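Step one of this worksheet: look at the structure below.
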Amino acid sequence: MPSTFQPLFLQAQLTAYISLRALRRNQLRSGLTALGIIIGIAAVISLVAVGNGARADIEEQVATLGENLLTVFAGNMRSGGVSGGLGSASSLTLQDASAIVREVPDVLAVSPESSSSAQAVANGRNWSTSVVGESSEYLLIRDWKLVSGAMFTDRDVSSAAKVALIGSKTAMELFGPLNPVGQSVRIRNIPFTITGLLVSKGAALGQNQDDRIIIPYTTAMKRLTGERYLRSINVRVTRAERMTSAQQQITSLLRERHGLAPERNDDFGIFNQQEIADTVGSITVIITLLLGAIAGISLLVGGIGIMNIMLVSVTERTREIGIRMAVGAQPAAISFQFLIEATILSVLGGLAGVLLGIGIAKLLELALNFKAIISPGSILLAFGVSFSIGVFFGFYPARKAAALDPIEALRYE
4 MPSTFQPLFL QAQLTAYISL RALRRNQLRS GLTALGIIIG IAAVISLVAV GNGARADIEE
64 QVATLGENLL TVFAGNMRSG GVSGGLGSAS SLTLQDASAI VREVPDVLAV SPESSSSAQA
124 VANGRNWSTS VVGESSEYLL IRDWKLVSGA MFTDRDVSSA AKVALIGSKT AMELFGPLNP
184 VGQSVRIRNI PFTITGLLVS KGAALGQNQD DRIIIPYTTA MKRLTGERYL RSINVRVTRA
244 ERMTSAQQQI TSLLRERHGL APERNDDFGI FNQQEIADTV GSITVIITLL LGAIAGISLL
304 VGGIGIMNIM LVSVTERTRE IGIRMAVGAQ PAAISFQFLI EATILSVLGG LAGVLLGIGI
364 AKLLELALNF KAIISPGSIL LAFGVSFSIG VFFGFYPARK AAALDPIEAL RYE
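Residue numbers for the sequence shown follow my numbering, beginning at 4 and rising by one.
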């Protein structure tokens with residue numbers, strides 16, 4: 004080390020040693036002072052981890068719906084002032100679905116959908132489940148795999164064949180551990196042969212995707228529901244960046260096909276998977292920031308506690324400060340000493356708070372069966388905040404100590 008900086012380095016070492024000795028002399032008070040920082044940092048780490056986990060969970064659920072997915076719903080039907088809800092109007096047809104895949108270049112595949120609830124009977128058991136009519140391209144659209152068996156074919160769709168895919172939840176309720184492929188299930192007293200068992204996807208946006216039976220949409224409309232109109236049309240777009248363009252093209256196409264004048268509202272609705280994911284992601288980010296901000300209030304309180312204790316410490320050690328100044332200590336060294344004490348308290352509190360926050364996040368995972376994601380960024384931010392609090396709230400007491408008059412300080416009792 005160059006000789007020019009050696010005295011400064013030794014002085015810094017001495018000042019740090021004096022600061023640590025002063026903190027050790029009042030261990031209980033130091034611990035209680037750091038408690039506010041500990042609680043604040045722990046709250047920030049744990050709450051941000053919970054927010055990150057919630058966002059990741061929702062994004063994962065949205066992703067299970069499929070890749071680049073648009074869902075076109077029939078409009079809302081009103082009867083006697085009562086709204087039937089989106090999908091209740093008779094506004095979507097099979098011809099609409101054919102036109103979408105034929106005339107919209109960005110569309111890769113479509114699946115007309117007809118859905119209902121029914122009691123399924125098999126293997127001496129019965130189970131109320133969703134029966135969904137789809138096309139042979141449904142698994143491609145939803146990016147859904149099969150555990151065993153095969154998807155029904157275009158020929159099955161054109162002939163309204165009595166074949167079905169079964170979800171893992173429904174299969175467990177009806178067949179238990181047995182492989183359902185090749186077995187028969189009766190829906191409204193009509194026998195269906197199970198051709199495939201779907202991979203479990205779990206819940207998505209409040210709906211259990213595994214509790215369903217999927218049959219050809221022609222079979223559903225002719226043999227089960229008798230409907231001539233569709234509830235919805237599932238659409239897969241070629242690329243994510245073409246989602247908005249495809250949605251606009253489908254809107255224009257359907258308005259033209261339905262003969263809607265410019266002043267009339269759409270008689271259908273389109274749900275964009277990417278928009279849903281972006282909206283939900285934005286909401287969870289706002290919630291995470293709000294939780295972090297609320298937890299940050301306790302950090303402010305902890306910083307004020309540090310300032311308060313350091314002011315008390317300056318008053319208690321006035322005579323000590325006077326003696327140090329009398330033997331040659333510069334005001335900068337006195338100021339540095341108290342600034343170091345405040346920073347050490349804050350940083351040690353931050354370290355303990357990070358460990359406590361990680362522990363709380365893990366406990367929440369175990370207690371709530373929920374994944375809390377602790378990001379390295381939040382830990383680095385916590386350390387940065389704790390260090391900044393030590394410097395900021397320690398500055399005024401340090402400055403006050405450095406400004407003491409040596410003679411008055413020596414007279415202080």
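All residues carry an ideal CB built from backbone N, CA and C; glycine is no exception.
Only a predicted model underlies this, so the values are computations on that prediction, with no experimental measurement involved.
Cβ neighbours of GLU230 within its own chain (closer than 7 Å, five residues either side excluded): SER117 and MET224.
About 5 Å separates the beta carbons of LEU201 and GLY170, which is inside the 8 Å limit, making them a contact pair.
Looking at ILE216, ARG239 and ARG58, the one whose alpha-carbon comes closest to that of SER114 is ARG239. In the structure shown, VAL65 adopts helical secondary structure according to DSSP, grouped into three states. Within the same chain, LYS165, ALA167 and VAL188 come within 6 Å of PHE195 by CB-CB distance, once the 5 residues on both sides are set aside. ILE218 carries a strand assignment under DSSP once its states are collapsed to helix, strand and coil. Taking C-beta atoms as the reference points, LEU73 and GLN186 fail to come closer than 7 Å. For GLN122, the pairing in a beta bridge is given by DSSP as SER131. Considered as a whole, the stretch 228 to 283 harbours 246 to 260 as its complete alpha helix (DSSP H) runs of no fewer than 4 residues, in chain order.
Inter-segment contact for the stretch 45 to 54 and the stretch 320 to 332 is absent: fewer than three beta-carbon pairs are separated by less than 8 Å. Only residues of its own chain outside the window of five on either side were considered, and among them THR67, TRP147, GLN212 and ASP213 have a CB closer than 8 Å to the CB of LYS204, listed in chain order.
If you look at ARG189, you'll find it in the beta strand (DSSP E) that goes 187 to 190. In the displayed model, ALA102 falls within a helix according to three-state DSSP.
Taking the CA atoms as reference points, PRO400 sits about 24 Å from GLY356.
Linking ILE297 to ALA46 through their CA atoms gives a straight-line distance of about 9 Å.
In the DSSP assignment, PHE341 falls within the alpha helix (DSSP H) that extends over 334 to 371. Secondary structure note for THR173: it is in no beta strand (DSSP E), and the uninterrupted alpha helix (DSSP H) holding it is 171 to 178. Distance from ILE312 to THR36 at the Cβ level is roughly 5 Å; contact confirmed, criterion being Cβ atoms closer than 8 Å. Per DSSP, the beta-bridge partners of PRO194 are ARG189. In the DSSP annotation of this structure, the continuous segment of the beta strand (DSSP E) that includes SER151 starts and ends at 149 to 152.
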